[in-house]
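S.K.: This is the structure I have questions about; it appears just below.
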Amino acid sequence: MPDVNPFTPTFGTSPPLLVGRDSDLEDFREGLRDGPGSPERATLVTGLRGTGKTVMLNAYEDVAGVEGWLVISETATPNLIDRIIHEQLPRLLADVDPRQTTSHLTGVSLPGGFGADREVSERHAPRAGLRSQLTLLTDVLGERGGVLITVDEVHRKGVGELRELGMTIQHAFRERRNVAFVGAGLPSAVDDLLSDEVSTFLRRADRRHLRTVRPEEVTEGLAVPIRAAGRDITPEALQIAVTGTGGYPFMIQLVGLHVWRADSAATVIDPDQARRGVDHARRKVGQLVHASALADLSDVDRSFLAAMAHDDSSSRMADIAARLGVSPAYAGQYRMRLIAAEVIEPRGHGLVNFTLPGLRDYLREHAASSHWSPDVDPHPTGRPELPGAAQERSQLPRPPDDNDTPRLP
Ligand SMILES: Nc1ncnc2c1ncn2[C@@H]1O[C@H](COP(=O)(O)OP(=O)(O)OP(=O)(O)O)[C@@H](O)[C@H]1O
Ligand SMILES: [Mg+2]
Numbered sequence: 020m021p022d023v024n025p026f027t028p029t030f031g032t033s034p035p036l037l038v039g040r041d042s043d044l045e046d047f048r049e050g051l052r053d054g055p056g057s058p059e060r061a062t063l064v065t066g067l068r069g070t071g072k073t074v075m076l077n078a079y080e081d082v083a084g085v086e087g088w089l090v091i092s093e094t095a096t097p098n099l100i101d102r103i104i105h106e107q108l109p110r111l112l113a114d115v116d117p118r119q120t121t122s123h124l125t126g127v128s129l130p131g132g133f134g135a136d137r138e139v140s141e142r143h144a145p146r147a148g149l150r151s152q153l154t155l156l157t158d159v160l161g162e163r164g165g166v167l168i169t170v171d172e173v174h175r176k177g178v179g180e181l182r183e184l185g186m187t188i189q190h191a192f193r194e195r196r197n198v199a200f201v202g203a204g205l206p207s208a209v210d211d212l213l214s215d216e217v218s219t220f221l222r223r224a225d226r227r228h229l230r231t232v233r234p235e236e237v238t239e240g241l242a243v244p245i246r247a248a249g250r251d252i253t254p255e256a257l258q259i260a261v262t263g264t265g266g267y268p269f270m271i272q273l274v275g276l277h278v279w280r281a282d283s284a285a286t287v288i289d290p291d292q293a294r295r296g297v298d299h300a301r302r303k304v305g306q307l308v309h310a311s312a313l314a315d316l317s318d319v320d321r322s323f324l325a326a327m328a329h330d331d332s333s334s335r336m337a338d339i340a341a342r343l344g345v346s347p348a349y350a351g352q353y354r355m356r357l358i359a360a361e362v363i364e365p366r367g368h369g370l371v372n373f374t375l376p377g378l379r380d381y382l383r384e385h386a387a388s389s390h391w392s393p394d395v396d397p398h399p400t401g402r403p404e405l406p407g408a409a410q411e412r413s414q415l416p417r418p419p420d421d422n423d424t425p426r427l428p
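So that you can map any letter, position 406 of the sequence shown is 425 in this note's numbering, and since no number is skipped, the others follow by simple counting.
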């Protein structure tokens, strides 16, 4: 009897086998071992939706755990610093040294001039308790490990708290304390954040951009969990499944899940099951990933993608400009933005194609039901009008870097 389905197409859930990220994790391990001052002790992970930022944070935390470090795992939502001060650090201090903790946390004044009196501290940055508790914790730990702080979904909205956290970590670095930081966010959100008056600490952090995974690694990411769970897959079926993922991390899990499900009674997954599984995954990926990926983009960006989705394969820039009714130069600017955002990629001279697997199908399918659909179809091409197009045409005269348009890297 095979085991349960091993694949995990759920955001934030670590996969049965994390593939293609070994060198990033190995560098981080070295960074922890090398001591204060090593660049990986301040890392910023970026990647599109579903490329595995959150599960990479989990993996960084696991590496830290193996190296004997303590972990504070957070998300950049409001009251981040309060949670670290009042929940995370006290929890770790209590675990490490219950006796010291109680005596130190009740109203002591610590070196550096930050009193622990909360009333005073709340109006001053950094808040008392953050630096003092981190100091205390790293003192107690001594050379026996350190403290890793991870923050998911960093975003401009959290800039104040991130700056405060950054200043405190910077101080700890200067005092050669064993502290490390890993943040994660969408590339556009991180660039946005760094363009703000955020601390130099974050700007200098080691950037790790998560890309698609190479076919050899995808092969491993599918075959190993299938075999570990008691079934097998033929080489041809495996090839179909690997190609179906496009190397996109979320798709490794989604294709895996549906290929497994195509006939869960069969001991061996054959090409037919693989094909059905890939089809199923492609139909699902849109609502799971593309909907939010598109929501991150500006209206004009979406319109450009909608214009591309008219084609069955690579699109010619001249056709896109004509469909949008704009000049080639104007369309060229959006091409650059979308390439930078990794939603599309150049394919030879004057051609572009989608990077995300299944995005074309998703854009096509959502034409009819979309609230962006126009009342009158000015492009009677036989295909339904695509999301964004009508609204886009009215917006196109706006300059490309209008303030309302979210800026892409
Ligand atoms: N390297 C990998 N190998 C195999 N599966 C992966 C890998 N990276 C991510 N996954 C899988 O992809 C899915 C998405 O991962 P995750 O939630 O970390 O993405 P994310 O980048 O944080 O997305 P979002 O931007 O929406 O928060 C999960 O199901 C995860 O198990
Ligand atoms: Mg995430």
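For every residue, glycine included, the Cβ atom is placed at its ideal position computed from N, Cα and C.
Computed from a predicted structure; not experimentally measured.
1. Based on DSSP bridge pairs, tell me the residues matched to T94.
2. Can you tell me the Cα-Cα spacing of H228 and Y79, whole angstroms?
3. Using a Cβ-Cβ cut-off of 6 Å (strictly less than) and excluding sequence neighbours within five positions of G66, which residues of its own chain qualify?
4. Any heavy atom of ligand 1 within a distance shorter than 7 Å of the CB on V232?
5. Roughly how many angstroms separate the alpha carbons of V361 and V159, rounded to a whole number?
6. Out of H277, A203, A242, D53, point me to the one whose CA is closest to V38's CA.
7. Which runs of the alpha helix (DSSP H) spanning at least 4 residues fall entirely within the stretch 265-322, listed in chain order?
8. What are the start and end residues of the beta strand (DSSP E) that includes I363?
9. Could you name the residues that DSSP lists as bridge partners for I245?
10. Residues in its own chain within less than 6 Å of V64 by CB, not counting five upstream and five downstream?
11. Pick out whichever of L108, G177, L149 has its Cα sitting closest to the Cα of Q189.
12. Please report the straight-line C-alpha distance between S214 and A312, rounded to a whole angstrom.
13. Restricting to Cα atoms, I'd like to know which of T70, R40, Q292 is closest to V304.
14. Below 8 Å on the Cβ atoms is my contact criterion, and I expect A83 with L155 to pass it. Report the Cβ-Cβ distance as a whole number of Å.
15. Of the residues A281, F192, N24, R301, which one's Cα is nearest the Cα of Q292?
16. Is DSSP giving S334 helix, strand or coil here?
17. Pick helix, strand or coil for N372, following the three-state DSSP scheme.
18. So who's on the other strand from R227, going by DSSP bridges?
19. Give the range of the beta strand (DSSP E) segment to which A113 is assigned.
20. Once you ignore the five residues that flank R68 on each side, which residues in its own chain have a CB closer than 6 Å to its CB?
21. Is the CB-CB distance between R100 and L184 below 8 Å?
22. Do the CB positions of T27 and S92 come within less than 8 Å of each other?
23. At the 8 Å Cβ level, is V243 part of the contact set with chain D, yes or no?
24. For A203, which residues does DSSP report across the bridge?
25. The alpha helix (DSSP H) with N24 in it runs from where to where?
26. If you follow the alpha helix (DSSP H) that V74 is part of, which residue opens it and which one closes it?
27. So A350 and M336 are in contact, right, with Cβ under 8 Å, and what is the actual spacing, rounded?
28. Which residue's Cα is closest to the Cα of L153: R175, L112, H174, S42?
29. Tell me whether E141 is buried or exposed, calling it buried when 16 or more other Cβ atoms sit within 10 Å of its Cβ.
30. Leaving out five residues before and five after T94 in sequence, what residues of the same chain have Cβ atoms less than 8 Å from its Cβ?
31. Three-state secondary structure (DSSP) at V209?
32. Closest by CA to A326, which one among K176, R60, I363?
33. Are the stretch 49-56 and the stretch 259-273 touching by the rule of at least three beta carbon pairs closer than 8 Å?
34. What's the C-alpha gap between D251 and G56?
35. Excluding the five sequence neighbours on either side, which residues of its own chain have a C-beta within less than 6 Å of the C-beta of I245, listed in chain order?
36. Suppose the cutoff is 8 Å on Cβ atoms and the five residues either side in sequence are ignored; what does the same chain contact list for P108 look like?
M.R.: This is what the structure gives:
1. Its beta-bridge partners are D171.
2. Between the C-alpha atoms of H228 and Y79 there is a straight-line separation of about 14 Å.
3. K72, L229
4. yes
5. Rather than Val, the amino acid found at residue 361 in this sequence is Glu. One C-alpha to the other measures close to 45 Å.
6. Proximity to V38 across H277, A203, A242, D53 peaks at A242, based on C-alpha coordinates.
7. 268-280, 290-304, 310-314
8. I363 -> beta strand (DSSP E) spans 363-365.
9. Answer is none; I245 lacks a bridge partner.
10. Excluding residues up to 5 positions away in sequence, K72, M75, A203, R227 lie with their Cβ nearer than 6 Å to the Cβ of V64 in the same chain.
11. L149
12. 22 Å
13. T70
14. The pair is not a contact, with the Cβ atoms about 19 Å apart (cut-off 8 Å).
15. A281
16. S334: strand per DSSP, three-state reduction.
17. strand
18. V64
19. From DSSP, A113 is part of no beta strand (DSSP E) but of the alpha helix (DSSP H) over 108-115.
20. V308, S311, A312
21. As written in the sequence, residue 100 is Ile, which differs from the Arg given in the question. Against a cut-off of 8 Å, the Cβ pair of L184 and I100 comes out as a contact.
22. Against a cut-off of 8 Å, the Cβ pair of S92 and T27 comes out as no contact.
23. This model lacks chain D altogether; it includes just one protein chain.
24. V64
25. Unbroken run through N24: none, as it is neither H nor E.
26. Unbroken alpha helix (DSSP H) run through V74: 72-85.
27. 6 Å
28. L112
29. Low per-residue confidence applies at E141: pLDDT is 36, beneath 50, and the placement is therefore not dependable enough to give any value.
30. V170, D171, E172
31. It is helical.
32. I363
33. no
34. Rounded to the nearest angstrom, the two C-alpha atoms are 47 Å apart.
35. I252
36. Inspection of the sequence shows that residue 108 is occupied by Leu rather than by Pro. In its chain, beyond the 5 residues on either side, I91, G148, L149, Q152, L153, L156 have a beta carbon closer than 8 Å to the beta carbon of L108.
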